[in-house]
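Residue numbers (mature numbering (1 follows the signal peptide of the UniProt record, and there is no 0)): -28 to -1, 1 to 182.
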């Protein structure tokens, strides 16, 4: 009888836990990362030119973390998508995240930033200065391409608005995917790149095994 009670209690705990946590559906990387060959093809198709000025730039011109419904904004959606385990409700307050850039695991969302793979300021210098605010908002909240990724706050802030010629993920194993995500984002949004940026991206993608 005691064993039966213990088994029943264990089953209840398992069911309750499954209602609050998602442990197997999280993805390690954002969607739509191109293959090595596709990334190189898209890289070669990008316009190479001198970067534009920062005149007039403001992050406010890229409205971000828009509402995505069900009490979630874009940040919450990416936190849930990229987590190993996470409470389903929004705002996200509990979970477990592996920071792809530096290989560190965190259990508090306050330690996690949502990185714009192509930074907003970099986008501004590469063509977004001429966009409408509506288009910039779509770019800043792009959940369909590999533009947003949950990473450690420290790695995101060390990156700032640098391009791959001056900053790449500190974890060597992350540099291939990072370069492909960068190229895909610039290709999707019709952004240009400078020559040193292109060289760094070619080197990183050529080193990819996939």
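Where a beta carbon is used, it is the ideal one built from N, C-alpha and C, also for glycine.
Legend entry - Rounded Cβ spacing between residue 56 and residue 122 (contact assumed at less than 8 angstroms): Stepping through the chain shown from its first residue, residue 56 is reached at position 84. Stepping through the chain shown from its first residue, residue 122 is reached at position 150. Wrong, their Cβ atoms sit about 11 angstroms apart, outside the cutoff.
Inset, instruction - Could you name each continuous alpha helix (DSSP H) segment of 4 residues or more that falls completely within the stretch 5 to 59, going from the start of the chain to the end? - result: Unbroken alpha helix (DSSP H) runs of no fewer than 4 residues, entirely contained in the stretch 5 to 59, are found at 8 to 17 and 46 to 54, following chain order.
Legend entry - Sequence-distant residues of the same chain with beta carbon closer than 7 angstroms to residue 149, five excluded per side: Sequence index remark: in the chain shown, residue 149 carries index 177 (1-based). Residues of the same chain with a CB within less than 7 angstroms of the CB of residue 149, apart from the 5 flanking positions on each side, are 1 and 5 in chain order.
Inset, instruction - Would you list the residues sitting across from residue 67 in a DSSP beta bridge? - result: Sequence index remark: in the chain shown, residue 67 carries index 95 (1-based). Looking at the DSSP output, residue 67 shares a beta bridge with 58.
Legend entry - Environment of residue 128 [buried if 16+ CB atoms lie within 10 Å]: Position 156 of the chain shown, counting from 1, holds the residue named residue 128. A residue is called buried when at least 16 other Cβ atoms come within 10 angstroms of its Cβ; residue 128 meets this threshold and is buried.
Legend entry - Test item: CB-CB of residue 170 and residue 15 under 9 angstroms: The sequence position of residue 170 within the chain shown is 198, counting from 1. The sequence position of residue 15 within the chain shown is 43, counting from 1. The answer is yes: Cβ separation under 9 angstroms.
Inset, instruction - Please classify residue -14: does DSSP put it in a helix, a strand, or coil? - result: Position 15 of the chain shown, counting from 1, holds the residue named residue -14. With a pLDDT of only 33 at residue -14, under the threshold of 50, the placement of this residue in the model should not be trusted; the figure read from the coordinates follows. Helix, per DSSP.
Inset, instruction - Kindly give me the distance between the Cβ atoms of residue 98 and residue 156, rounded to whole angstroms, as I take these residues to be in contact under 8 angstroms. - result: Along the chain shown, read from residue 1 onward, the residue named residue 98 stands at position 126. Along the chain shown, read from residue 1 onward, the residue named residue 156 stands at position 184. Between residue 156 and residue 98 the Cβ distance is about 14 angstroms, and since that is not below 8 angstroms, they are no contact.
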